[in-house]
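Everything on this sheet refers to the single structure shown next.
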Amino acid sequence: MNLPHAEAGNRIGLFGGSFNPPHSGHQLVAQTAMQRLGLDQVWWLVTPGNPLKDHGNLAPLERRIELVSAIASHPRMKVTAYEAVLGTSYTASTLAGILHRRPGVSFCWIMGADNLAGFHRWQNWRDIVETVPIAVVNRPGASLSPLFAPMAQVYSRARVPENEAGLLMRCPAPAWVFLHAPLDPTSSTVLRREAGQR
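This note's numbering puts the first residue of the sequence shown at 20, with every later residue one more than the last.
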């Protein structure tokens, strides 16, 4: 539940989600961002519950932390459910809490492109974009999101060219980059459906 340790000057990617369950596609997003952005750490933020998703099939938080810890096996990947401590499921509030507690650390937000299309429905989404740089990693069926998503259109001038992704962490927000990666078709929705059929 605690925030992982970080040194002043560290570059840390925050990768939030329900991870219900976590899978190889999540792992690929985290690894892609860590490598392409030159991050010192990636913190997987396991949320108590996504406000935009049905909680009917949501596994207990402790179980999801366990599963994420197994998949986030890289030594520079850390797992926390710090939102439960903050008492929020909203990313804007989470960012404010983390930045307050870790001054001197550079953060970015990491997300799969499948979240980009609906990003404008997140609470205070503009505050998120204007607080930390954002790395969007492509996911199957979402490779055109940067062209059509409201966030991408509103902040089109803040987009960093992919070949300059390594500079993202030096850019003041708003700044975002779209990263192409091998496409992993694994989906939490499909995994839950298959588990229900067994």
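Think of the CB as a built atom: it goes at the ideal place given N, C-alpha and C, for glycine as much as any other residue.
Do you know whose CA, among Leu64, His42, Pro40 and Ile31, lies nearest Gln54's CA? The residue given as residue 54 occupies position 35 in the sequence shown. Nearest option by C-alpha distance: Ile31.
With Ala49 and Val65 assumed to form a contact (beta carbons below 8 Å), what rounded beta-carbon distance in angstroms separates them? Taking the sequence shown and counting its residues from 1, one reaches residue 49 at position 30. Taking the sequence shown and counting its residues from 1, one reaches residue 65 at position 46. Contact doesn't hold; Cβ gap of about 13 Å is too wide.
Rounded to whole angstroms, what's the CA-CA distance from Val173 to Ala184? Just pull it up for me. Sequence index remark: in the sequence shown, residue 173 carries index 154 (1-based). Sequence index remark: in the sequence shown, residue 184 carries index 165 (1-based). Using only the alpha carbons, I get a separation of about 20 Å.
Cutting at 6 Å between CB atoms, please list the residues of its own chain near Asn199, excluding the five before and the five after it. As a position in the sequence shown, residue 199 is number 180, starting the count at 1. With the sequence shown as reference, residue 199 is identified as His, and Asn is not the correct amino acid for it. Asn157, listed in sequence order.
Indicate the three-state DSSP secondary structure (helix, strand or coil) for Arg178 in the structure shown. For the purposes of this step, residue 178 is taken as the residue at position 159 of the sequence shown. Residue state, collapsed to three classes: strand.
Could you check what DSSP says for Ala154 in three-state terms: helix, strand or coil? Within the sequence shown, residue 154 is the residue found at index 135, counting from 1. Strand.
At a cut of 8 Å, does the stretch 133-142 reach the stretch 166-181 through at least three beta carbon pairs? yes
Please determine, among Ser125, Asn39, Arg95 and Leu47, the residue with the shortest C-alpha to C-alpha distance to Asn76. Position 57 of the sequence shown holds residue 76. Of the candidates Ser125, Asn39, Arg95 and Leu47, the one whose C-alpha sits nearest the C-alpha of Asn76 is Asn39.
In the DSSP output, what is Leu33 paired with across the bridge? Stepping through the sequence shown from its first residue, residue 33 is reached at position 14. Its beta-bridge partners are Trp62 and Trp128.
In angstroms, rounded to a whole number, what distance separates the CA positions of Leu33 and Gly44? The residue you call residue 33 lines up with position 14 of the sequence shown. The residue you call residue 44 lines up with position 25 of the sequence shown. About 16 Å.
If you run the structure through DSSP and keep just helix, strand and coil, what is Thr107? Here residue 107 refers to the residue found at position 88 of the sequence shown. Coil at Thr107, not helix or strand.
Tell me, which residues are paired with Met96 by DSSP? To locate residue 96, count along the sequence shown from 1; it is residue 77. Met96 is bridged to Val61.
Straight-line gap, Arg145 to Ala89 (C-alpha atoms, nearest Å): What you label residue 145 is simply residue 126 of the sequence shown in a count that begins at 1. What you label residue 89 is simply residue 70 of the sequence shown in a count that begins at 1. One C-alpha to the other measures close to 33 Å.
Can you tell me which residues form a DSSP beta bridge with Val196? Here residue 196 is taken as the residue at index 177 of the sequence shown, counted from 1. Paired residue(s): Ala154.
Arg121: first and last residue of the uninterrupted alpha helix (DSSP H) it sits in: As a working note, residue 121 is residue 102 in the sequence shown. Counting along the chain, Arg121 falls outside any alpha helix (DSSP H), and DSSP gives it neither H nor E.
Status (buried if at least 16 other CB within 10 Å, exposed otherwise) for Ser37: Looking up residue 37 in the sequence shown gives position 18. Here Ser37 is buried: its Cβ has 16 or more other Cβ atoms, across all protein chains shown, within 10 Å.
Just how far apart, CA to CA, sit Pro12 and Ser175? Shown here, the chain extends from 20 to 217; a query on residue 12 therefore has no answer.
Am I right that Ala115 and Pro152 are in contact with their C-beta atoms under 8 Å? What's the rounded C-beta distance? By one-based count along the sequence shown, residue 115 stands at place 96. By one-based count along the sequence shown, residue 152 stands at place 133. Rounded, the Cβ-Cβ distance is 16 Å, inconsistent with contact.
How big is the Cα-Cα spacing for Pro122 and Gly28? Start at 1 with the first residue of the sequence shown, and residue 122 comes out as number 103. Start at 1 with the first residue of the sequence shown, and residue 28 comes out as number 9. So the two alpha carbons sit approximately 9 Å from each other.
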